[in-house]
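Working notes, beginning with the structure itself.
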Amino acid sequence: MISAGMPAWCQQQLVFLRSHQFVQQVAIGRMEEREMEWSIVDLENGLAKVTLSGRMDLQGSMLIDPVFAGIAAEKSRVVVDMSDVTFLASLGLRAILVSCKALAAKGGNLVLLNPQPVVENVLNISGISSIIPVVADMGAAETILLT
Amino acid sequence: MGSDWSCSAVFPGTVSGVVDAACWIERLSADRGIPEGLSFGIQLCVEELLTNVVRHGGGAWLENAEMPAAAAPGVSISIGIMRSDDVIILVIEDDGTPFDITAAPAKPVHRRVEEAQPGGLGIQLVRSFSSGLAYDRTGGLNSTTLRFLWPRTAFALL
Chain L
3 MISAGMPAWC QQQLVFLRSH QFVQQVAIGR MEEREMEWSI VDLENGLAKV
53 TLSGRMDLQG SMLIDPVFAG IAAEKSRVVV DMSDVTFLAS LGLRAILVSC
103 KALAAKGGNL VLLNPQPVVE NVLNISGISS IIPVVADMGA AETILLT
Chain S
347 MGSDWSCSAV FPGTVSGVVD AACWIERLSA DRGIPEGLSF GIQLCVEELL
397 TNVVRHGGGA WLENAEMPAA AAPGVSISIG IMRSDDVIIL VIEDDGTPFD
447 ITAAPAKPVH RRVEEAQPGG LGIQLVRSFS SGLAYDRTGG LNSTTLRFLW
497 PRTAFALL
């Protein structure tokens with residue numbers, strides 16, 4: 003199981019890990035009320051505000067993908083309020099990016115509003131924040147989308 | 347060290363298995379008092395690597411297709427995690443299609459949304475959030491090992 007090609011730190015740790023036989027087992031079970039929630043509001047200034055809450059992981063993405071597909075089809079200038087999103091993985095990024103590309107293709111745009119620091123870190127590391135604007139307040143969102 | 351521990355669990359290589367694994371690692375992180383930033387990184391890497399197994403490791407999960415309930419039937423994924431001093435080691439093993447994350451190409455950087463492609467984001471996140479990454483394939487198993495460093499705080503000196 004342990005090959006000579008692996009770095010030393012990895013080999014030592016694997017030997018230790020396997021020698022412990024994984025003694026501690028932790029109960030496996032679903033957490034309740036883990037599903038993402040969302041709302042979509044058409045604002046008077048012509049923007050659509052999408053508010054997301056929860057974890058944008060695989061489970062969340064399965065729920066939210068059709069929502070983003072609908073947004074891309076029906077809306078034009080979109081603010082996605084990320085302030086209650088606690089987790090963001092690549093499938094969530096994918097949903098946002100695919101939707102943003104579809105909006106851009108028809109002359110629309112999308113901005114991300116007020117992500118939590120851990121989520122903003124994912125946006126930065128993935129490079130998404132360099133192609134989709136991330137703003138701290140609605141005023142900044144309006145400046146980008148309405149001018 | 348009294349603070350050392352190790353845990354493991356096995357999950358089916360299905361969407362439902364990934365969801366269960368995400369719950370398990372989230373709860374384990376809380377129970378073990380893993381600091382928020384580190385916990386986020388570990389959860390993210392588990393999510394990305396398991397999603398990868400289900401999507402590409404033997405299933406029929408096509409780009410832009412609806413996600414099937416069981417994408418990679420027959421594939422199983424084991425997760426081991428241990429703390430030793432200020433290091434956390436995460437080992438993820440699966441019997442799916444060979445995939446060496448350390449050899450996967452880097453994602454090109456784009457500046458315009460029209461050019462950006464959604465693929466490869468997960469690999470980039472795993473590389474960034476872990477402080478060490480190794481891959482081995484032996485006996486028909488992919489074995490991906492990640493290292494994380496426990497953040498040093500004033501409490502660690504007491």
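Protein sequences appear in the order of chains L and S. According to my numbering, the first sequence is numbered sequentially starting from 3. According to my numbering, the second sequence is numbered sequentially starting from 347. A virtual CB, placed ideally from N, CA and C, is assigned to each residue, including glycine.
- prompt: Which runs of the alpha helix (DSSP H) spanning at least 4 residues fall entirely within the stretch 78-131 of chain L, listed in chain order?
  reply: 92-107 and 119-127
message: Comparing C-alpha positions only, which one of Ser477(S), Arg483(S), Arg401(S) and Pro381(S) sits nearest to Gly363(S)?
response: Arg401(S)
message: Any beta carbon from chain S within less than 8 angstroms of Leu42(L)'s own beta carbon?
response: The amino acid at residue 42(L) is misidentified as Leu; the sequence shows Ile. Output row for Ile42(L): interface = no.
message: Less than 8 angstroms between the C-beta atoms of Val87(L) and Met58(L), yes or no?
response: yes
message: My output table needs one value for Glu177(L): the three-state DSSP class, helix, strand or coil.
response: Because chain L spans 3 through 149 in this model, residue 177(L) falls outside it and cannot be assessed.
DSSP state of Pro358(S) mapped onto helix, strand, coil: strand
Same chain only: Cβ atoms within 6 angstroms of Trp351(S), ignoring 5 sequence neighbours per side: Arg429
task: Mark Glu460(S) as exposed unless 16 or more other C-beta atoms lie within 10 angstroms of its C-beta, in which case mark it buried.
output: exposed
message: Taking 8 angstroms as the threshold (beta carbon to beta carbon), is Arg96(L) in contact with chain S?
response: yes
message: Taking beta-carbon pairs under 7 angstroms, can you tell me which members of the stretch 54-78 of chain L lie near chain S?
response: Asp59, Leu60, Gln61 and Met64
query: When the distance is taken between beta carbons, is Ala376(S) closer than 8 angstroms to Val392(S)?
result: no
message: Using beta carbons (cut-off 8 angstroms, strictly below), is Pro451(S) in contact with chain L?
response: no
Buried versus exposed, by CB contacts within 10 Å (16 or more), Leu390(S): buried
- prompt: Are the beta-carbon atoms of Ala97(L) and Ile66(L) separated by less than 8 angstroms?
  reply: yes
field: Bridge-paired residues (DSSP) for Asn488(S)
entry: Asp440(S) and Arg483(S)
task: Note down the Cα distance separating Pro451(S) from Gly465(S), rounded to an integer number of angstroms.
output: 11 angstroms
CA-to-CA distance, Pro381(S) to Ile427(S), given in whole angstroms: 15 angstroms
message: Can you confirm whether Val142(L), when its beta carbon is compared against all beta carbons of chain S, has any partner nearer than 8 angstroms?
response: Residue identity differs from the one stated: residue 142(L) is Ala in this sequence, not Val. By this cut-off, Ala142(L) is not an interface position.
- prompt: Going along chain L in order, which residues have a C-beta closer than 8 angstroms to the C-beta of Phe445(S)?
  reply: Those do not exist, as Phe445(S) stays about 15 angstroms from chain L at its closest Cβ, beyond 8 angstroms.
task: Could you tell me which chain L residues have their CB closer than 7 angstroms to the CB of Arg457(S), listed as they occur along the chain?
output: Ser132 and Ile133
message: Between the alpha carbons of Gly110(L) and Leu147(L), how many angstroms are there, rounded?
response: 8 angstroms
message: Taking contact to mean 3 or more Cβ pairs, one atom from each stretch, closer than 8 angstroms, check whether the stretch 35-51 of chain L and the stretch 68-82 of chain L are in contact.
response: yes
Top-ranked residue by Cα proximity to Ser354(S), from Leu384(S), Glu372(S) and Val437(S): Val437(S)
- request: Compute every distance between the C-beta of Val400(S) and the non-hydrogen atoms of the ligand ATP, then say whether any falls below 7 angstroms.
  value: The model on display carries no ligand, and the ligand ATP is accordingly not part of it.
task: Would you mind stating whether Ala50(L) and Arg79(L) have Cβ atoms separated by less than 8 angstroms?
output: yes
query: Does any CB atom of chain S fall closer than 8 angstroms to the CB of Gly129(L)?
result: yes
- prompt: Can you give the Cα-Cα distance for Pro497(S) and Ala91(L), rounded to whole angstroms?
  reply: 22 angstroms
query: Can you tell me the Cα-Cα spacing of Thr448(S) and Ala480(S), whole angstroms?
result: 7 angstroms
Chain L contact for Gly468(S) (CB, 8 angstroms cutoff): yes
query: Cβ atoms of Leu471(S) and Ser128(L): under 8 angstroms apart, would you say?
result: yes
Selected residue, minimal CA-CA separation from Asn116(L), among Ala107(L), Val100(L) and Ser131(L): Ser131(L)
task: Check whether the Cβ atoms of Asp432(S) and Leu495(S) sit closer than 8 angstroms, and answer yes or no.
output: yes
message: Could you compute how far the alpha carbon of Met38(L) sits from the alpha carbon of Gln61(L)?
response: 8 angstroms
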